[in-house]
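Participant:
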Amino acid sequence: TVTPVADSSDTQFAPSNIALCKYWGKRDVELNLPVNSSLSVSLAHLGSRTKVSVSDSDQVWLNGAQVAAGDKFARKVIAFIDLFRRGTDHCVRVETENNIPTAAGLASSASGFAALMLAIDQFYGLNLEPSVLSAFARMGSGSASRSLYEGFVEWQMGIREDGMDSFALPLDVRWPQLRIGLLKVDTGEKAVDSRAGMNRTVDTAHLYQSWPLQAAADLERLHQAIADQSFTCLGETAEQNALSMHATMIASWPPLLYWQPDSVAAMQTVWQARAEGLELYFTMDAGPNLKLLFTADAETAVNQRFPGLEVIRPFG
Ligand code: 2P0
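Heads up, the sequence shown is in full-length UniProt numbering, so the first residue is 14 and it goes up one at a time.
#1: Could you name the residues of the same chain whose beta carbon sits closer than 7 angstroms to that of Ala311, not counting the 5 residues immediately before and after it, in chain order?
#2: Going by beta-carbon coordinates alone, are Ala157 and Ala132 separated by less than 8 angstroms?
#3: Would Ser179 pass as a contact of Leu46 if the rule is Cβ separation under 8 angstroms?
#4: Can you give me the Cβ contacts of Gly118 inside the same chain, cut-off strictly under 8 angstroms, excluding the 5 residues immediately before and after it?
#5: Tell me, which residues are paired with Leu294 by DSSP?
#6: Out of Lys39, Val15, Ser55, state which residue places its alpha-carbon closest to the alpha-carbon of Leu32.
#7: Nearest CA to the CA of Trp37: which residue from Asn49, Ala27, Glu43?
#8: Just how far apart, CA to CA, sit Cys104 and Leu129?
#9: Let me know the secondary structure DSSP gives Asn111 once reduced to three states.
#10: Between Thr16 and the rest of its own chain, which residues show a CB-CB distance below 6 angstroms, the 5 nearest in sequence each way excluded?
#11: Curious, which full-length beta strand (DSSP E) runs of at least 3 residues does the UniProt domain "Mvd1 C-terminal" (198-312) contain?
#12: Regarding Gly138 and the ligand 2P0, is the C-beta to nearest heavy atom distance less than 7 angstroms?
#13: Can you find at least 3 beta carbon pairs, one from the stretch 210-217 and one from the stretch 67-85, that sit closer than 8 angstroms?
#14: Is any heavy atom in the ligand 2P0 found nearer than 7 angstroms to the beta carbon of Trp37?
#15: Among Phe328, Ser29, Glu289, Leu256, which residue has its Cα nearest to the Cα of Val186?
#16: Following a CB-centred definition, is residue 13 positioned closer than 7 angstroms to any heavy atom of the ligand 2P0?
#17: Could you have a look at Gln190 and say whether DSSP puts it in helix, strand or coil?
#18: When you compare each of Ala209, Asp20, Thr109, Val198 to Ala279 by their alpha carbons, which one comes out closest?
#19: Going along the chain, which residues of its own chain have a beta-carbon closer than 6 angstroms to the beta-carbon of Gln25, five neighbours each way excluded?
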């Protein structure tokens, strides 16, 4: 059993992340064990701040407002707390602030569960090492395993049934010129979340059988691209990986198409820019928004084509 070592944890921060090789599909739905390894880059200052404190009743607060106890998000958070406090009788208040749009395909669950894991570690005085924090964060949300670190991060799928070898590690490589542009098409709540979407794909899309091979090949190419600092290879691999993932979603039943007309228009603008010689690529998650990939020297030209783009510098 674990008990709190203080009335409250400090406020802990974890960054959001965007995968260049995506996590799509689970081999174990309970433990969030993935079918494939994935590789992401963290979004520096964009993420979640989370605090855990002792309370009279279990409470979850998001961006300053209390979340109803029956809400899906609140239930996931309290179920995660229950992994640690089993057998003890205290209640907790969990407060999270996101500086990213929630449920817009910008992975707020990733930074949220990573920050919550850091807060829990301090609240209960667990002092777990990073790989163990990552493995536990994974049980809250798969992509949260990658949000324990800055920069490039690889989540190794692991082979064990208990999942204790399925955690993320940072890559010891920086790429200061790398830029990520957040192109918001629609930041409303989506009808089918990632969890339901990937389960549907695994269960119904024959095309999904090709996904693990695609992901393994892309992961290898991304490691090479990062080692060589070859932006063309990084961009091409990330874009093809994202479109391959979306192909498996579209081949599901009922079909899953997260794109909106403006998403397709933005893809065509990217392809046109590339045809004109601009090194610009995109990736997309389970939502209609695009994340543009480019380097510092292209920033002015990218801004001209996408006015008002929010640009992130993952390496400061
Ligand atoms: C990724 N996504 O690698 C992929 C690409 C969305 C598309 O990880 O069920 O919220 O909590 O493990 O982590 C989003 O899935 O799913 C995600 P769960 P999660 O970023």
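The C-beta atom is built at its ideal place from N, Cα and C for all residues, glycine as well.
Small disclaimer: the values here were computed from a predicted structure and weren't measured.
Facilitator: Judging by the given coordinates:
#1: Residue numbering aside, residue 311 sits at position 298 when the sequence shown is read from its first letter. The answer, listed in chain order, is Leu291, Glu292, Leu293.
#2: Here the question's residue 157 lines up with position 144 in the sequence shown. Here the question's residue 132 lines up with position 119 in the sequence shown. In this structure, Ala132 does not lie closer than 8 angstroms to Ala157 by Cβ.
#3: As a working mapping, residue 179 is identified with position 166 in the sequence shown. As a working mapping, residue 46 is identified with position 33 in the sequence shown. In this structure, Ser179 sits near Leu46, with a CB-CB distance shorter than 8 angstroms.
#4: Residue mapping note: residue 118 aligns to position 105 of the sequence shown, counting from 1. With a pLDDT of 48 at Gly118, under the threshold of 50, the predicted position of this residue should be treated as unreliable, though the coordinate-derived value follows. Correct list, in chain order: Lys203, Tyr271, Met297, Asp298, Ala299, Gly300, Pro301, Asn302.
#5: On the sequence shown, position 281 is the one that residue 294 refers to. First, the residue type needs correcting, since residue 294 is Tyr and not Leu in the sequence shown. Per the DSSP secondary-structure output, Tyr294 pairs in a beta bridge with Leu306.
#6: As a first step, residue 32 is located in the sequence shown; it is residue number 19 there, counting from the start. This sequence places Ala at residue 32; Leu is not what is there. Nearest of Lys39, Val15, Ser55 to Ala32, Cα basis: Ser55.
#7: In the sequence shown, counting from the first residue as 1, residue 37 sits at position 24. Among Asn49, Ala27, Glu43, the Cα nearest to that of Trp37 belongs to Asn49.
#8: Within the sequence shown, numbered from 1, the residue matching residue 104 stands at position 91. Within the sequence shown, numbered from 1, the residue matching residue 129 stands at position 116. Going from the Cα of Cys104 to the Cα of Leu129 covers about 15 angstroms.
#9: Within the sequence shown, residue 111 is the residue found at index 98, counting from 1. Correct three-state label for Asn111: strand.
#10: The residue labelled residue 16 in the question sits at position 3 within the sequence shown. For Thr16, the CB contacts under 6 angstroms within the same chain, skipping 5 residues up- and downstream, are Thr101 in chain order.
#11: Under the rule that a run must span 3 or more residues, the beta strand (DSSP E) segments found entirely inside the UniProt domain "Mvd1 C-terminal" (198-312) read 294-296, 303-308.
#12: By 1-based counting over the sequence shown, the position of residue 138 is 125. No.
#13: These segments do not touch.
#14: To locate residue 37, count along the sequence shown from 1; it is residue 24. It does: the Cβ of Trp37 is within 7 angstroms (strictly closer) of some heavy atom of the ligand 2P0.
#15: As a first step, residue 186 is located in the sequence shown; it is residue number 173 there, counting from the start. In this structure, Phe328 is the residue among Phe328, Ser29, Glu289, Leu256 with its C-alpha nearest to the C-alpha of Val186.
#16: Nothing about residue 13 can be reported from this structure: the residues present for the chain run from 14 to 329 only.
#17: The count along the sequence shown starts at 1 and reaches residue 190 at position 177. Reduced to three states, the DSSP call for Gln190 is coil.
#18: Numbered from 1 along the sequence shown, position 266 holds the residue referred to as residue 279. Of Ala209, Asp20, Thr109, Val198, the residue nearest in Cα terms is Val198.
#19: The residue you call residue 25 lines up with position 12 of the sequence shown. Result list for Gln25: Thr63, Ala128, Leu131, Ala132, in chain order.
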